[in-house]
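Only one structure is covered here, and it is reproduced in the block below.
In our numbering, the protein residues as written are 43 to 256.
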């Protein structure tokens, strides 16, 4: 999908990129700088979309079990060091569900601060060790990027937003075919995994049907 944009006296085509994330996925946090570089160097319109890895009633993971520490030692920590991002395996156990945080993402989108909200949510979990499944934490995080606390509380209590979150999850799974995060839909093509900035830019260039820009 492409979106017309005006600029410098001429029409430009902005490539629409859907970025599917879950706030308990460290790789989604670590890919943020690549997405930011993409936006600096390409005409790209990014939309953050929810994909809850373990929706109710699927059990969530526990940091005291073997799996999470092993993945963090072998993959997350080395990648974070290469990227210069400070992260730590959260001690929250079991890991929180993120449906409520995604309900507030809807509000953040309406206010034009979806990326700021997502960054703050990642930071709360992976850098501040906060339980982002708790209402009061979600309200604090949202307020930290300028959202009104009362609006956030109403969003958390909204059955309409809850239904929309369930629909968003079905859309990711059934329509787009997302099965892991981070995933990127660029020009109708789905890419999964931790794509670096060069791979994202190539995906945009391919979608736009032009020679790669330097």
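Cβ coordinates follow ideal geometry from the N, Cα and C atoms, glycine included.
query = What number of angstroms, rounded off, separates the C-alpha of residue 221 from the C-alpha of residue 155?
reply = The residue labelled residue 221 in the question sits at position 179 within the chain shown. The residue labelled residue 155 in the question sits at position 113 within the chain shown. Each residue's Cα considered, the two are about 26 Å apart.
key: Own chain, CB closer than 8 Å to residue 197, minus 5 neighbours either side, in chain order   = The sequence position of residue 197 within the chain shown is 155, counting from 1. So the qualifying residues of the chain are 145, 146, 148, 149, 203.
task = List the endpoints of the continuous alpha helix (DSSP H) containing residue 157.
result = Translated into positions along the chain shown, residue 157 becomes position 115. Residues 156-168.
task = Report the residue from 171, 99, 120, 101 whose alpha carbon sits nearest the alpha carbon of residue 69.
result = Position 27 of the chain shown, counting from 1, holds the residue named residue 69. Out of 171, 99, 120, 101, 120 has the C-alpha closest to the C-alpha of residue 69.
task = Measure the CB-CB distance between residue 183 and residue 93 and report whether it falls below 7 Å.
result = Numbered from 1 along the chain shown, position 141 holds the residue referred to as residue 183. Numbered from 1 along the chain shown, position 51 holds the residue referred to as residue 93. No; because the gap between Cβ atoms is not below 7 Å, this pair is not in contact.
query = For residue 136, which residues of its own chain have a beta-carbon under 6 Å away from its beta-carbon, when the five flanking residues on both sides are left out?
reply = Within the chain shown, the letter at position 94 stands for residue 136. Once the five neighbours on either side are set aside, the close Cβ partners of residue 136 are 102, 104.
ask   = In or out: residue 138 buried (at least 16 other Cβ within 10 Å) or exposed?
value = Stepping through the chain shown from its first residue, residue 138 is reached at position 96. Its Cβ being crowded by 16 or more others within 10 Å, residue 138 is buried.
ask   = What number of angstroms, rounded off, separates the C-alpha of residue 189 from the C-alpha of residue 242?
value = As a position in the chain shown, residue 189 is number 147, starting the count at 1. As a position in the chain shown, residue 242 is number 200, starting the count at 1. So the two alpha carbons sit approximately 30 Å from each other.
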